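K.L.:
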Amino acid sequence: METLMAWNEPGNNGKDRDPWGNNGKNQGPPDLDDLFKNLSRRLGGLLGGGNRSGGEFSRVGLSVAVAVGVVVWVVSGFYTIKEAERGVVLRFGEYSHIVEPGLRWKPTFIDKVIPVDVESVRSLPASGFMLTQDENVVRVEMDVQYRVVDPKAYLFSVTNADESLRQATDSALRYVVGHNSMDDILTTGRERVRSETREGLEQIIEPYQMGLQVVDVNFLPARPPEEVKDAFDDAIAAQEDEQRFIREAEAYAREVEPKARGQVKRLEQEAEGYKSQVVLKAKGEVARFNELLPQYLAAPELTRQRIYIETMEEIYQNANKVLVDLPQGNNSMIYLPLDKLGSGSKPARPVAPQVPMAGVDSQQSGSGVMEGANSAPAPIRGGDRFSGRN
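Taking UniProt numbering, the leading residue of the sequence shown gets 1, the next gets one more, and so forth.
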């Protein structure tokens, strides 16, 4: 069984050896030059340069190491900027310039590139319970859409542009909500609140030059507190009913108006036709009387009698008539129900004679004609003059 002994203990067959193969000689620290020479010699053997001196190998190895380091440094400097991005270059921590999309190179450890997306539209939500002008509390939700237009200003104008935009949005929204009533925010004034919030937000961020552009502001439906939610739901339903009734009335108006216009046109055309008819008839009457004038001058009595007969014929043509046979010398009075004569359309029927008609010449025949009136038009006397109108 072997006995394990420390290398520096006495013994070892009378040979006190150290790990470097020394027999107890030169017990001081090893020489660093010797160590580097031994290491260089061994590496030179591995690289095929065992016949070179240690100084020559050191220079070659250093050159190789430097060359490898330069290659690694150059290769590590290549980078790519995407199409939607712009690269902000910092040289020793200070802004240098902006690079466009594509394959680029930077000196590693000298330049630093920060890519910034300048085309995508970003979204920033904002919400919370806010106090309205009429001292009500309402929960408002809004979504702000924006994009970066100046990468340098976006990174260096403020500490955090996104957080600054969120605070500005909250400030603008609270200001607008505080100057509007709860009814307007929940019902008809939402579009106005949205536009006013966008204008206020743009005015707030403009002095800071954050490199951001507000694309749109979406005002989501606001909600009242749960305690009064049912009442506001009823109010909103009433508003919707009002709008629905208005739309129905407008649709009815659009439907009725063309019909009314058509009826107006029809009545106008009928009136024009009636006007033309009356005018033509009047002209015809004038022409007829002008034609009768020579006959009247030649035989006045005969012309008057003929005109009278033609007129009575025209009058009695469509009237209800009662025929009475009046014997001569009968002075009895008869009663005619004039209120019932025009109510029916029964044909004329004979009536028993009772009394002669007043105003009828006794030399005429024993029959008369009566319309539903007290007396017939008076005949034209022989001495009357006739004049027609043109």
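A virtual CB, placed ideally from N, CA and C, is assigned to each residue, including glycine.
Everything numeric in this text was worked out from a predicted model, so none of it was measured.
If I follow the unbroken alpha helix (DSSP H) through residue 112, where does it start and stop?
P.N.:
Within the sequence shown, the letter at position 112 stands for residue 112. That residue, residue 112, is in no alpha helix (DSSP H); its beta strand (DSSP E) goes 111–117.
K.L.:
Name, in chain order, the residues that DSSP records as bridge partners for residue 126.
P.N.:
One-based indexing of the sequence shown puts residue 126 at position 126. DSSP output for residue 126 lists 142 as bridge partner(s).
K.L.:
Between 153, 187, 251, which lies nearest to residue 208 when the distance is taken from Cα to Cα?
P.N.:
Locating residue 208 in the sequence shown gives position 208, counting from the first residue. That would be 153, whose Cα lies nearest to the Cα of residue 208.
K.L.:
For residue 315, write down the residues that DSSP places opposite it in a beta bridge.
P.N.:
Here residue 315 corresponds to residue number 315 of the sequence shown, with the count starting at 1. None; residue 315 has no bridge partner.
K.L.:
Residues in the same chain with beta-carbon distance under 8 Å from residue 348, minus the five sequence neighbours each way, listed in chain order, please.
P.N.:
For the purposes of this step, residue 348 is taken as the residue at position 348 of the sequence shown. Annotation note: pLDDT 47 at residue 348 (below 50); position unreliable, no value reported.
K.L.:
Exposed or buried, which one is residue 169 when buried takes at least 16 other CB atoms within 10 Å?
P.N.:
Here residue 169 refers to the residue found at position 169 of the sequence shown. That one is buried.
K.L.:
In this structure, how does DSSP classify residue 170 when only helix, strand and coil are distinguished?
P.N.:
Translated into positions along the sequence shown, residue 170 becomes position 170. Of the three classes helix, strand and coil, the one that applies to residue 170 here is helix, per DSSP.
K.L.:
Can you tell me whether residue 137 is buried or exposed, with buried defined as 16 or more other CB within 10 angstroms of its CB?
P.N.:
The residue you call residue 137 lines up with position 137 of the sequence shown. So residue 137 ends up on the exposed side.
K.L.:
Under the assumption that residue 124 contacts residue 146 (Cβ atoms under 8 Å), give the Cβ distance between them as a whole number of angstroms.
P.N.:
Locating residue 124 in the sequence shown gives position 124, where the first residue counts as 1. Locating residue 146 in the sequence shown gives position 146, where the first residue counts as 1. Correct: roughly 7 Å between the Cβ atoms.
K.L.:
Per DSSP, residue 102 forms a beta bridge with which residues?
P.N.:
Here residue 102 refers to the residue found at position 102 when the sequence shown is read from its first residue. The partner list for residue 102 (beta bridge, DSSP) reads 81.
K.L.:
For residue 219, which beta-bridge partners are listed by DSSP?
P.N.:
As a working note, residue 219 is residue 219 in the sequence shown. Answer by DSSP bridge pairing, in chain order: 142.
K.L.:
Buried or exposed for residue 130, going by 16 or more other Cβ atoms inside 10 Å?
P.N.:
Here the question's residue 130 lines up with position 130 in the sequence shown. Buried.
K.L.:
Between residue 218 and residue 248, what straight-line distance do the alpha-carbon atoms span, to the nearest angstrom?
P.N.:
Translated into positions along the sequence shown, residue 218 becomes position 218. Translated into positions along the sequence shown, residue 248 becomes position 248. Approximately 30 Å, taken between the alpha carbons.
K.L.:
Go ahead and label residue 46 buried or exposed: buried means 16 or more other beta carbons lie within 10 angstroms of its beta carbon, across all protein chains shown.
P.N.:
Here residue 46 refers to the residue found at position 46 when the sequence shown is read from its first residue. Residue confidence for residue 46 is low, a pLDDT of 49 falling below 50, so the modelled location carries little weight; the figure read from the coordinates is stated next. Using a 10 angstroms sphere on the CB of residue 46, the tally of other CB atoms stays under 16, which defines it as exposed.
K.L.:
Here's the rule: buried if 16 or more other CB atoms are within 10 angstroms of the residue's CB, otherwise exposed. What is residue 210?
P.N.:
What you label residue 210 is simply residue 210 of the sequence shown in a count that begins at 1. The residue is buried, with at least 16 neighbouring Cβ atoms inside 10 Å.
K.L.:
Hey, residue 195 and residue 134: beta-carbon distance below 8 Å or not?
P.N.:
As a working note, residue 195 is residue 195 in the sequence shown. As a working note, residue 134 is residue 134 in the sequence shown. Cβ atoms of residue 195 and residue 134: not closer than 8 Å.
K.L.:
Using only the alpha-carbon positions, how far apart do residue 93 and residue 106 sit?
P.N.:
In the sequence shown, residue 93 corresponds to position 93, counting from 1. In the sequence shown, residue 106 corresponds to position 106, counting from 1. Between residue 93 and residue 106, the C-alpha separation is close to 14 Å.
K.L.:
May I have a chain-ordered list of the alpha helix (DSSP H) segments no shorter than 4 residues that lie completely inside the region 269–316?
P.N.:
300–316
K.L.:
In this structure, how does DSSP classify residue 262 when only helix, strand and coil are distinguished?
P.N.:
Start at 1 with the first residue of the sequence shown, and residue 262 comes out as number 262. Reduced to three states, the DSSP call for residue 262 is helix.
K.L.:
Using alpha carbons as the reference points, say which of 161, 222, 158 lies closest to residue 177.
P.N.:
The sequence position of residue 177 within the sequence shown is 177, counting from 1. Checking every option, the nearest Cα to that of residue 177 belongs to 222.
K.L.:
Can you tell me where the alpha helix (DSSP H) holding residue 158 begins and where it ends?
P.N.:
As a position in the sequence shown, residue 158 is number 158, starting the count at 1. Looking at the DSSP string, residue 158 is not in any alpha helix (DSSP H), and its letter there is neither H nor E.
K.L.:
Pick from 143, 171, 185: whose alpha carbon is nearest that of residue 122?
P.N.:
Working through the sequence shown from its first residue, we reach residue 122 at position 122. Looking from the CA of residue 122, the closest CA among 143, 171, 185 belongs to 143.
K.L.:
In the DSSP assignment, find the alpha helix (DSSP H) that holds residue 186 and state where it starts and stops.
P.N.:
Along the sequence shown, read from residue 1 onward, the residue named residue 186 stands at position 186. 182–186 is the span of the alpha helix (DSSP H), which, as asked, contains residue 186.
K.L.:
With C-beta atoms as the reference, is residue 118 less than 8 Å away from residue 99?
P.N.:
By 1-based counting over the sequence shown, the position of residue 118 is 118. By 1-based counting over the sequence shown, the position of residue 99 is 99. Here residue 118 is not near residue 99, since their CB atoms are 8 Å or more apart.
K.L.:
Please report how far the alpha carbon of residue 91 lies from the alpha carbon of residue 128, in whole angstroms.
P.N.:
Within the sequence shown, residue 91 is the residue found at index 91, counting from 1. Within the sequence shown, residue 128 is the residue found at index 128, counting from 1. In a straight line, the C-alpha of residue 91 is about 42 Å away from that of residue 128.
K.L.:
Run the CB neighbour count on residue 85, radius 10 Å, all protein chains shown included, and call it buried at 16 or more, exposed below.
P.N.:
As a working note, residue 85 is residue 85 in the sequence shown. The residue in question, residue 85, is buried, as its Cβ has 16 or more Cβ neighbours within 10 Å.
K.L.:
Is it the case that the Cβ atoms of residue 269 and residue 188 are separated by a distance below 8 Å?
P.N.:
Walking along the sequence shown from the start, residue 269 turns up at place 269. Walking along the sequence shown from the start, residue 188 turns up at place 188. Not closer than 8 Å, so no.
K.L.:
Taking buried to mean at least 16 other C-beta atoms within 10 Å of its own C-beta, is residue 232 buried or exposed?
P.N.:
Locating residue 232 in the sequence shown gives position 232, where the first residue counts as 1. Buried.
K.L.:
If distances are taken between C-alpha atoms only, which option among 75, 65, 225, 327 comes closest to residue 140?
P.N.:
Numbered from its first residue, the sequence shown carries residue 140 at position 140. Among 75, 65, 225, 327, the Cα nearest to that of residue 140 is on 225.
K.L.:
Just checking my contact of residue 161 with residue 212 at CB under 8 Å: how many whole Å lie between their CB atoms?
P.N.:
Here residue 161 refers to the residue found at position 161 when the sequence shown is read from its first residue. Here residue 212 refers to the residue found at position 212 when the sequence shown is read from its first residue. Residue 161 to residue 212, Cβ: 6 Å. Contact.
K.L.:
Which of the three DSSP states, helix, strand or coil, is assigned to residue 195?
P.N.:
Counting from 1 along the sequence shown, the entry for residue 195 is found at position 195. Looking at residue 195 - three-state DSSP - the assignment turns out to be helix.
K.L.:
I need the boundaries of the beta strand (DSSP E) containing residue 323, first residue and last residue.
P.N.:
To locate residue 323, count along the sequence shown from 1; it is residue 323. Run containing residue 323: 322–325, per the beta strand (DSSP E) assignment.
K.L.:
Since residue 214 contacts residue 198 with CB under 8 Å, what's their CB separation in whole angstroms?
P.N.:
Stepping through the sequence shown from its first residue, residue 214 is reached at position 214. Stepping through the sequence shown from its first residue, residue 198 is reached at position 198. Yes, they are in contact, since the Cβ atoms of residue 214 and residue 198 sit about 6 Å apart, within 8 Å.
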